[in-house]
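The structure appears right after this line, and notes come after that.
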Amino acid sequence: MAAYDLIPLLAVLFGLSESYVETIYRRLNEAGVIPRSAGRARELLDSRHIALWTFALLADVPSRAAADAAVTYFNLRNSVGVKAGTTFARWLDSFGGAKEVLTAQSDDSAHMLDLQIALHASRSRLELDCGASPRIRIVADATDGLQAESIYGPQDRPWKDDNVRKTFSLPGNIIQRLGVALHKAA
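Position one of the sequence shown corresponds to residue 7 (the numbering used here), numbered consecutively onward.
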């Protein structure tokens, strides 16, 4: 998906102005974090780029620091070493396989796994803690009322951390809309 197709969607989903979303895109592009997606050198953005852009938009930093913040949040690891950005990008990708299953274009096991991951992602939320100790929590709500969480970055409980300045929550319905939009044209 091209960046300029995503700017209005990201602005609406995150409640930001289109000019701010475009400014952050330009900063990420200038830093070489995401590819150019306009003009002759038009490259399509993938789920990894959208994850980086999302983290930059939610990081609560000046635009000049957006690229560094995006990479920092993307590279945060959980207790078993998995990166937050890899998990979020996989969630976004899973909506492509889920689309194949739901439109009866595929019934292979890989696409069935994608459907399960997409369902999990749509019932989860991503919480991004801003401050001196960047952290991401992924909280999955189960149908029986239980919650499972995975913490990326400092493993202390967020409510015990005095370095958290602000927390942004990205609910499952927003994650689902991003994933569906990424695979709509595909």
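We treat Cβ as the ideally placed atom computed from N, Cα and C, and that holds for glycine.
- Membership of A62 in any beta strand (DSSP E) is not indicated; the residue belongs instead to the alpha helix (DSSP H) covering 53–64.
- Q153 sits in a strand when the DSSP states are folded into three classes.
- Counting of Cβ neighbours within 10 angstroms places Q182 among the buried residues, the total reaching 16 or more.
- Only buried fits Y79, as 16 or more other CB atoms lie within 10 angstroms of its CB.
- Taking C-beta separations shorter than 6 Å and ignoring five residues to either side along the sequence, the partners of F101 in its chain run A124, G185, V186, H189, following chain order.
- Taking D135 as reference, the option from Y158, V170, N81, S156 with the minimal CA-CA separation is V170.
- Sequence-distant partners of L132 (beyond 5 residues in either direction) whose C-beta falls short of 6 Å from its own C-beta, in its chain, are I144, L176.
- Within the same chain, and ignoring the five residues on either side of I40 in sequence, the residues whose Cβ sits closer than 8 Å to its Cβ are A9, Y31, L34, L51, H55, L58, W59.
- Cβ-Cβ distances below 8 Å link I13 to E24, V27, E28, Y31 in the same chain, with the five nearest sequence neighbours on each side left out; the list follows chain order.
- Annotation for K190: the continuous alpha helix (DSSP H) segment containing it runs 178–190.
- Burial state of S85 is exposed, judged by a 10 Å Cβ sphere holding fewer than 16 other Cβ atoms.
- Within the DSSP secondary-structure output, F94 pairs in no beta bridge.
- A distance below 8 Å between beta-carbons, with the five flanking residues on each side excluded, links R70 to the following residues of its chain, in chain order: R33.
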